[in-house]
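> Quick note, the sequences are listed as chains A and B, same order.
Position one of the first sequence corresponds to residue 7 (the working numbering), numbered consecutively onward.
Position one of the second sequence corresponds to residue 9 (the working numbering), numbered consecutively onward.
Backbone N, C-alpha and C fix where the C-beta goes; we use that ideal spot for every residue, glycine too.
Everything numeric in this text was worked out from a predicted model, so none of it was measured.
For reference, the structure I am asking about is given below.
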Amino acid sequence: MEDPLDVETRDAAEELKDRVQRLFRHSLHIRHVDAGSCNACESEIKLLLNPYYDIQRLGIFFTTSPRHADLLLVTGPVTRAMEDPLRQTYEAMPDPRLVVAVGACACSGGIFASSAFTRGGVGEVLPVDVFIPGCPPSPLTLIHGLLLALGRGEQRMKGRVQRVRSSRPLQMLSPSGGEKERY
Amino acid sequence: MVFSWVHKGLRTGVLTTRYPAVHEQMPEGFRGKPVLDPDRCLSEQGCTACVQICLPAALELKQEAPYSVRNDAAHLRSASSDCKEVVQSDEGGAGAGATQLTLDYGRCIMCGLCVQACPTGALQMTADYELAARHREDLQIVNLLEVSTEDGGTQDGGARFISPPREGEG
Chain A
7 MEDPLDVETR
17 DAAEELKDRV
27 QRLFRHSLHI
37 RHVDAGSCNA
47 CESEIKLLLN
57 PYYDIQRLGI
67 FFTTSPRHAD
77 LLLVTGPVTR
87 AMEDPLRQTY
97 EAMPDPRLVV
107 AVGACACSGG
117 IFASSAFTRG
127 GVGEVLPVDV
137 FIPGCPPSPL
147 TLIHGLLLAL
157 GRGEQRMKGR
167 VQRVRSSRPL
177 QMLSPSGGEK
187 ERY
Chain B
9 MVFSWVHKGL
19 RTGVLTTRYP
29 AVHEQMPEGF
39 RGKPVLDPDR
49 CLSEQGCTAC
59 VQICLPAALE
69 LKQEAPYSVR
79 NDAAHLRSAS
89 SDCKEVVQSD
99 EGGAGAGATQ
109 LTLDYGRCIM
119 CGLCVQACPT
129 GALQMTADYE
139 LAARHREDLQ
149 IVNLLEVSTE
159 DGGTQDGGAR
169 FISPPREGEG
């Protein structure tokens, strides 16, 4: 038997999460932190801003200050030296905030997981909302991950069950929620 | 000169991808998510080619009870009397000693070495790039051999197998 207070808290949390995602659908600002990355992920993140991928058309922007950011984009396996700066960046961000781990290193530590000088992934340091695997992930994977974090995308990875993507396009939600919208 | 730029711009049109609305075709040779065809996999016959070559140890092979221990005490006694049978008892115990191939997409660097190493072509790289997941567990496939590639449909053309080419596919 679950405590009714717990159920109430959980329901409230779900409602709040929905509201936050609705707000972020309009516009989102990203602060990127390199926590020991090899710069391959940065190279792909940089491509998001070029005229071909152009994530500004989706209402996603990069910002230089964590105080203006809604989403923390972390690359690298979180080295010992970058652990404190990463925490400070996270603490400097206003609530509500999202954390996205980019690349195999940030997801699991990757090939540096066994090293004594890394923490073996962002998940060990911060609560991660979305994991984007790949070494480096392609810009389209990054767009998919960012839209997933905003509740505008659909998750295709299903854990135990391996699925190959269908030809159905990604379902898009308009900022007001509900119906599909063409971008 | 300015006119030639304007002319070029008008002739080229919009190049920006329409990705979330329209699925993007990946270029030839793009290495996305690797998938395994369990029917062709020889890991139950002792093949560990992909596991050995995997650089970030994303592919792992686990063997449950390698010597196929039976609860039957009489079997154990007879087995211990004959050394040969203990070593080769895999064929005796069905289910016990099952191989478990796990793949962690969170560790995979999509290098494609496992595909090259696979002797039967059971492992293949797909052009699937929508790999983001909300939970770490969603990226881990515990028993790859139990998962069917038919699940989700590979025939719709959404996933393009790159290497090696499959029979009957253009």
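Please report the Cβ distance between A107/A and V131/A, rounded to the nearest whole angstrom; I am assuming they are in contact, meaning their Cβ atoms lie under 8 angstroms.
Here residue 107/A refers to the residue found at position 101 of the first sequence. Here residue 131/A refers to the residue found at position 125 of the first sequence. Their Cβ separation, rounded to whole angstroms, is 10 angstroms, which puts A107/A and V131/A out of contact at 8 angstroms.
> Straight-line CA distance for A110/A to L154/A?
For the purposes of this step, residue 110/A is taken as residue 104 along the first sequence, with counting starting at 1. For the purposes of this step, residue 154/A is taken as residue 148 along the first sequence, with counting starting at 1. A110/A and L154/A: Cα-Cα distance of roughly 18 angstroms.
> By the DSSP assignment, the alpha helix (DSSP H) with D9/A in it spans what residues?
As a first step, residue 9/A must be located in the first sequence, where it is residue number 3. Looking at the DSSP string, D9/A is not in any alpha helix (DSSP H), and its letter there is neither H nor E.
> Let me see if you follow: with CB-CB separation under 9 angstroms, is D135/A close to chain B or not?
Reading the first sequence from its first residue, position 129 is the one you call residue 135/A. True, the Cβ-Cβ gap to chain B drops below 9 angstroms.
> Any beta carbon from chain B within less than 9 angstroms of Q161/A's own beta carbon?
As a working note, residue 161/A is residue 155 in the first sequence. Interface residue, yes.
> Can you look up M88/A in the DSSP assignment and give me helix, strand or coil?
Locating residue 88/A in the first sequence gives position 82, counting from the first residue. Three-state result, M88/A: helix.
> Going by DSSP, name the residue or residues bridged to P42/B.
In the second sequence, residue 42/B corresponds to position 34, counting from 1. BP columns for P42/B point to M133/B.
> Measuring straight from C-alpha to C-alpha, what distance separates P72/A and L104/A?
On the first sequence, residue 72/A is found 66 positions in, with the first residue counted as 1. On the first sequence, residue 104/A is found 98 positions in, with the first residue counted as 1. C-alpha separation (whole angstroms): 12 angstroms.
> Please tell me whether L63/B has its Cβ less than 9 angstroms away from any Cβ of chain A.
Here residue 63/B is taken as the residue at index 55 of the second sequence, counted from 1. It does; some Cβ of chain A falls within 9 angstroms.
> Alpha carbon to alpha carbon, what distance is there between A18/A and D9/A?
Here the question's residue 9/A lines up with position 3 in the first sequence. Here the question's residue 18/A lines up with position 12 in the first sequence. Answer to the nearest angstrom: the Cα atoms are 14 angstroms apart.
> Does the distance from the C-beta atom of T69/A to that of H35/A stay below 9 angstroms?
Translated into the one-based positions of the first sequence, residue 69/A becomes position 63. Translated into the one-based positions of the first sequence, residue 35/A becomes position 29. Yes, the Cβ-Cβ distance between T69/A and H35/A is below 9 angstroms.
> In chain order, what residues of the stretch 16-34 of chain B put their CB closer than 9 angstroms to some CB of chain A?
Here the close residues are L23, T24, T25, R26, Y27, P28, A29, V30, H31, E32, M34.
> Give a yes or no on whether 9 angstroms exceeds the smallest Cβ distance from W13/B to chain A.
Mapped onto the second sequence, residue 13/B falls at position 5. Not one chain A Cβ lies under 9 angstroms of W13/B.
> List the DSSP bridge partners of A141/B.
One-based indexing of the second sequence puts residue 141/B at position 133. Beta-bridge pairing links A141/B to F137/A.
> Can a CB atom of chain B be found closer than 9 angstroms to the CB of P72/A?
Residue 72/A sits at position 66 when you count from the first residue of the first sequence. So no, P72/A is outside the interface.
> Taking only the alpha-carbon atoms, compute the straight-line gap between Y113/B and R63/A and give it to the nearest angstrom.
Working through the second sequence from its first residue, we reach residue 113/B at position 105. Working through the first sequence from its first residue, we reach residue 63/A at position 57. Straight-line Cα distance between these residues: approximately 29 angstroms.
> Between the C-alpha atoms of P145/A and I51/A, what's the straight-line distance to the nearest angstrom?
By one-based count along the first sequence, residue 145/A stands at place 139. By one-based count along the first sequence, residue 51/A stands at place 45. Looking at the two C-alpha atoms, the distance is approximately 7 angstroms.
> Which of the three DSSP states, helix, strand or coil, is assigned to V22/B?
As a first step, residue 22/B is located in the second sequence; it is residue number 14 there, counting from the start. Residue state, collapsed to three classes: coil.
> So V84/A packs on R37/A, CB below 8 angstroms; how close in whole Å?
Within the first sequence, numbered from 1, the residue matching residue 84/A stands at position 78. Within the first sequence, numbered from 1, the residue matching residue 37/A stands at position 31. Between R37/A and V84/A the Cβ distance is about 16 angstroms, and since that is not below 8 angstroms, they are no contact.
> Given that E36/B touches chain A, what residues does it touch there, using C-beta distances under 8 angstroms?
What you label residue 36/B is simply residue 28 of the second sequence in a count that begins at 1. Result: empty, since nearest Cβ-Cβ is about 14 angstroms, beyond 8 angstroms.
> Use the C-beta contact count for R86/A: other C-beta atoms within 10 angstroms, 16 or more gives buried, fewer gives exposed.
Working through the first sequence from its first residue, we reach residue 86/A at position 80. Classification of R86/A: exposed, given that the 10 Å Cβ count is below 16.
> Would you identify the three-state DSSP class for D6/A, choosing helix, strand or coil?
This structure leaves residue 6/A out entirely; chain A is present only between 7 and 189.
> Could you tell me which of M88/A, K164/A, E97/A sits nearest to D76/A, measuring between CA atoms?
Residue numbering aside, residue 76/A sits at position 70 when the first sequence is read from its first letter. Among M88/A, K164/A, E97/A, the Cα nearest to that of D76/A is on E97/A.
> Would you please verify whether the beta carbon of A19/A is less than 9 angstroms from any beta carbon of chain B?
Translated into the one-based positions of the first sequence, residue 19/A becomes position 13. Not an interface residue.
> To the nearest whole angstrom, what separates the beta carbons of A141/B and Q161/A, a pair I think is in contact under 8 angstroms?
Here residue 141/B refers to the residue found at position 133 of the second sequence. Here residue 161/A refers to the residue found at position 155 of the first sequence. With 8 angstroms as the limit, A141/B and Q161/A qualify as a contact, their Cβ atoms being about 6 angstroms apart.
> Do we get a CB-CB distance below 9 angstroms when we pair A125/B with the residues of chain A?
Translated into positions along the second sequence, residue 125/B becomes position 117. So no, A125/B is outside the interface.
> At a CB-CB cut-off below 7 angstroms, which residues of chain B make contact with P139/A?
Here residue 139/A is taken as the residue at index 133 of the first sequence, counted from 1. Result: Y113, G114, C116, L139, L147.
> Report the residue from V134/A, C141/A, D135/A, P133/A whose alpha carbon sits nearest the alpha carbon of Y137/B.
Here residue 137/B is taken as the residue at index 129 of the second sequence, counted from 1. Selected option, being the one with the closest Cα: C141/A.
> Taking Cβ positions only, does C119/B come closer than 9 angstroms to chain A?
On the second sequence, residue 119/B is found 111 positions in, with the first residue counted as 1. Chain A contact via Cβ: present.
> DSSP puts F11/B in a beta bridge; with which residues?
Stepping through the second sequence from its first residue, residue 11/B is reached at position 3. In DSSP, F11/B forms no bridge with anything.
> Looking at A125/B: is its Cβ nearer than 9 angstroms to the Cβ of G40/B?
To locate residue 125/B, count along the second sequence from 1; it is residue 117. To locate residue 40/B, count along the second sequence from 1; it is residue 32. Going by C-beta atoms, A125/B is not nearer than 9 angstroms to G40/B.
> Check whether the Cβ of H150/A lies closer than 9 angstroms to any Cβ atom in chain B.
Position 144 of the first sequence holds residue 150/A. H150/A counts as touching chain B.
> Provide the residue span of the beta strand (DSSP E) that contains Q161/A, from first to last.
On the first sequence, position 155 is the one that residue 161/A refers to. It is not in any beta strand (DSSP E) - Q161/A carries neither H nor E in the DSSP assignment.
> Using a Cβ cut-off of 7 angstroms, pull out every chain B residue sitting near D60/A, in sequence order please.
For the purposes of this step, residue 60/A is taken as residue 54 along the first sequence, with counting starting at 1. What D60/A touches in chain B: T24.
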